[in-house]
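In numbering that gives the first Met the number 0, the protein residues as written are 0 to 175.
Positions of the beta carbon are idealized from the N, C-alpha and C atoms, including for glycine.
Report on one structure; see the data block that follows.
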Amino acid sequence: MLELSILGFLAEEPLHGYELKERIKALSGHVRPVSDGALYPAINRLLAAGLLDQHSEEGASAAPRRVLSLTAKGRAELLERLRNPKQAEITDQVRFNTVLAFLRHLDDPAAQAAVLRRRLDFLGTPASFFYRDGEPVRAEDAGDLFRQGVLRVARATGQAELAWLREAIGVLEAGA
């Protein structure tokens with residue numbers, strides 16, 4: 000997720016590390032905050048792999064800033080990751096939101112729709128946060144005000160996402 004966020008934001012424009020960290024934090028920081036101890040090693044891995052380039056620029060005060068940009072190899076890697084997201088990037092809401100945030104960089108509407116279809120298929124599988132006798136517990140059967148709240152909010156969110164996914168797939172397939 001972190002590497003995908005780095006590649007995605009740098010596909011939009013070159014950024015220095017602090018700006019990049021703030022954008023990643025805005026995308027998913029309240030749920031999964033990014034630390035310098037995770038960000039900078041990830042940047043270094045991407046630099047070593049030739050996916051990023053860096054140069055120094057004068058800073059606002061006195062210290063030079065390290066500005067990062069995406070290489071052609073980095074752009075190809077981003078597009079491949081968007082075209083074929085890992086299963087966890089489809090099933091995990093925060094990871095899927097990261098894919099969704101950058102899916103516009105994939106120029107092929109059919110490929111975009113295929114990613115959305117994978118999420119739609121996943122959401123079509125009955126699931127719950129709570130199970131009884133191996134079966135998903137519905138909100139109406141939770142027997143607990145607070146678990147009922149978790150399940151009702153999840154159902155409403157899921158219904159909204161399903162509606163949007165169907166709509167977006169329709170738009171993409173109509174334009175393809």
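Run the CB neighbour count on residue i, radius 10 Å, all protein chains shown included, and call it buried at 16 or more, exposed below.
i      : result
Leu144 : exposed
Pro32  : exposed
Glu56  : exposed
Val152 : exposed
Gly174 : exposed
Pro63  : exposed
Lys85  : exposed
Gly73  : buried
Report all residues from its chain with a CB closer than 7 Å to the CB of residue i; omit the five preceding and five following residues, and keep chain order.
i     : result
Glu94 : At residue 94 the sequence reads Arg, which differs from the Glu that was named. Taken in chain order, the residues that qualify are Met0, Ala87, Glu88.
Leu26 : Ser4, Thr97, Ala100
Within the same chain, show all residues whose beta-carbon is closer than 8 Å to that of residue i, passing over the 5 residues directly before and after it, in chain order.
i      : result
Gln147 : Ala138, Glu139, Ala141
Lys24  : Pro32, Val33
Arg165 : Leu119
Would you mind stating whether residue i and residue j have Cβ atoms separated by less than 8 Å?
i      : j      : result
Leu78  : Leu9   : no
Leu102 : Leu81  : yes
Thr90  : Phe121 : yes
Ile42  : Gly7   : no
Leu45  : Glu2   : yes
Residue i and residue j look like a contact to me (Cβ under 8 Å); what is the Cβ gap, rounded to whole Å?
i      : j      : result
Ala126 : Glu172 : With 8 Å as the limit, Ala126 and Glu172 do not qualify as a contact, their Cβ atoms being about 26 Å apart.
Between residue i and the rest of its own chain, which residues show a CB-CB distance below 6 Å, the 5 nearest in sequence each way excluded?
i      : result
Arg22  : Phe8
Leu13  : It is worth fixing the name first, because residue 13 is Pro in this sequence and not Leu. Around Pro13: Val66, Ser68.
Leu115 : Leu164, Ala167, Ile168
Is there a Cβ of chain B sitting closer than 8 Å to that of residue i, yes or no?
i     : result
Glu76 : The structure shown contains no chain B, having only a single protein chain.
Go through the segment 41-126 residue by residue and report every complete run of the alpha helix (DSSP H) that reaches 4 residues or more, in order. Those alpha helix (DSSP H) runs which fall completely within the segment 41-126 and span 4+ residues are 71-82, 86-90, 92-101, 108-122.
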